[in-house]
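First residue of the sequence shown? That's 1116 in the working numbering, and the numbers climb one at a time after it.
All C-beta atoms in this analysis are idealised placements derived from N, C-alpha and C, irrespective of residue type, glycine included.
What follows is a single structure, written as structure tokens, with notes after it.
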Amino acid sequence: MQDSEAAAPYGSSMVWRIDTVGSDVRQLFGYEDMEQLSKGYPTKVVLLPEPLEGTGAVLYRGSLYYQRRRSRTLIRFDLASESVAARRDLPHAGFHGQFPYAWGGYTDIDLAVDERGLWAIYSTSKAKGAVVLSQLDPHDLRVTKSWETNIRKNGVANAFLVCGRLYTVASYGAANTTVNYMYDTESSRGRPLAVPFKNKYGYNSMIDYNPAQKKLFAWDNFHMVSYDLRLGRPPAEA
């Protein structure tokens, strides 16, 4: 992970990593840049006060945002003070295997960042497993607005946001798959897509967008992969 709006004492080139496999995931590893990451020697190791679950954590404005293990509680951990700055339950959100992505991994709550701020991608019993998208206040984690889509969360491999639009990826294991759906929060409408997408190493368990770099970052079968994006204008509606 990289912070698209990094705050002191860490810069935008800092790379952060979490090993999310295990029952008591608390360590956050920091590297000065991508080169240092490739060498495997962290320059900073932070012990989180409460364990993390899933691959949905994000860095934003100097804080790590993550889901507390076995709960719908979201935590904002301030990196400068190394302390919890906010915590709040995500209302009615499924957790610990209720509404994960297709590959599982307790991916019930997936946090995301784009040009418009901080988001949560999840589902609820009321939505019956359909993807619910909420925009969050990055200071206190309050839900400011929510949208319910008509795509099943456990029917897609992963999701990310760009410019207030939710995109889903069809398969985590197929070498050649697609970005198969888009939901626009401005119009509250969704539509199918067929944008080619490659899972080069055969098991993609995390996809996140970095708005500062205009790239997707993914964790694909022990490989960190980045995808350059070319953004176009949406077609005018008839």
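**Asked** Nearest to Tyr-1316 by CA position, among Thr-1292, Leu-1174, Leu-1344, Ser-1240, is which residue?
**Response** Numbered from its first residue, the sequence shown carries residue 1316 at position 201. When each option's Cα is compared against that of Tyr-1316, the closest is Thr-1292.
**Message:** Excluding the 5 residues flanking Arg-1257 on each side, which residues of the same chain have their C-beta closer than 8 Å to its C-beta?
**Reply:** By one-based count along the sequence shown, residue 1257 stands at place 142. For Arg-1257, where only same-chain residues beyond five positions count, the Cβ hits under 8 Å are Arg-1203, Leu-1251.
**Message:** Contact defined as beta carbons within less than 8 Å: I believe Trp-1218 pairs with Tyr-1287. What is the distance between those atoms, to the nearest angstrom?
**Reply:** For the purposes of this step, residue 1218 is taken as residue 103 along the sequence shown, with counting starting at 1. For the purposes of this step, residue 1287 is taken as residue 172 along the sequence shown, with counting starting at 1. Rounded, the Cβ-Cβ distance is 5 Å, consistent with contact.
**Message:** Considering just the uninterrupted stretch of the alpha helix (DSSP H) at Leu-1205, what are its terminal residues?
**Reply:** The residue labelled residue 1205 in the question sits at position 90 within the sequence shown. No alpha helix (DSSP H) contains Leu-1205, which DSSP labels as neither H nor E.
**Asked** Considering only the beta carbon of each residue, do Val-1294 and Ser-1119 sit closer than 8 Å?
**Response** Position 179 of the sequence shown, counted from the start, is the residue given in the question as residue 1294. Position 4 of the sequence shown, counted from the start, is the residue given in the question as residue 1119. No, these two residues do not count as a Cβ contact at 8 Å.
**Asked** Start and end of the alpha helix (DSSP H) containing Ser-1153?
**Response** The residue labelled residue 1153 in the question sits at position 38 within the sequence shown. Counting along the chain, the alpha helix (DSSP H) containing Ser-1153 begins and ends at 1149 to 1154.
**Message:** Measuring CB atoms only, is the segment 1234 to 1243 touching the segment 1268 to 1288, in the sense that at least three cross pairs come out at less than 8 Å?
**Reply:** yes
**Request:** Kindly indicate which three-state DSSP category Asn-1265 falls into: helix, strand or coil?
**Result:** Taking the sequence shown and counting its residues from 1, one reaches residue 1265 at position 150. Here Asn-1265 sits in strand by DSSP.
**Prompt:** Which of the three DSSP states, helix, strand or coil, is assigned to Pro-1253?
**Reply:** By 1-based counting over the sequence shown, the position of residue 1253 is 138. DSSP places Pro-1253 in coil when its eight states are reduced to three.
**Item:** contact_flag[the segment 1188 to 1204, the segment 1242 to 1249] where n(CB pairs < 8 Å) is 3 or more
**Value:** no
**Asked** With DSSP run on the structure shown, which of helix, strand or coil describes Gly-1177?
**Response** As a position in the sequence shown, residue 1177 is number 62, starting the count at 1. Looking at Gly-1177 - three-state DSSP - the assignment turns out to be coil, as it is neither helix nor strand.
**Request:** With distances taken Cα to Cα, identify the nearest neighbour of Trp-1306 among Met-1339, Asn-1265, Asn-1314, Leu-1346.
**Result:** If you number the sequence shown from 1, residue 1306 lands on position 191. Reading off the sequence shown, one finds Arg at residue 1306, where the question assumed Trp. Minimum Cα distance to Arg-1306 is reached at Asn-1265.
**Prompt:** Rounded to a whole number of angstroms, what is the C-alpha to C-alpha distance between Glu-1301 and Tyr-1146?
**Reply:** Position 186 of the sequence shown, counted from the start, is the residue given in the question as residue 1301. Position 31 of the sequence shown, counted from the start, is the residue given in the question as residue 1146. Distance between the alpha carbons of Glu-1301 and Tyr-1146 is about 37 Å.
**Asked** Roughly how many whole angstroms lie between the Cα atoms of His-1207 and Leu-1344?
**Response** Along the sequence shown, read from residue 1 onward, the residue named residue 1207 stands at position 92. Along the sequence shown, read from residue 1 onward, the residue named residue 1344 stands at position 229. Distance between the alpha carbons of His-1207 and Leu-1344 is about 34 Å.
**Request:** With DSSP as the reference, please indicate the residues paired to Val-1140 in a beta bridge.
**Result:** In the sequence shown, residue 1140 corresponds to position 25, counting from 1. Per DSSP, Leu-1167.
**Prompt:** So, using beta-carbon positions, are Arg-1141 and Pro-1166 closer together than 8 Å?
**Reply:** Mapped onto the sequence shown, residue 1141 falls at position 26. Mapped onto the sequence shown, residue 1166 falls at position 51. For Arg-1141 and Pro-1166, yes; Cβs fall inside 8 Å.
**Request:** With Arg-1304 as the anchor, note down where its beta strand (DSSP E) starts and where it stops.
**Result:** What you label residue 1304 is simply residue 189 of the sequence shown in a count that begins at 1. 1304 to 1313 is the extent of the beta strand (DSSP E) around Arg-1304.
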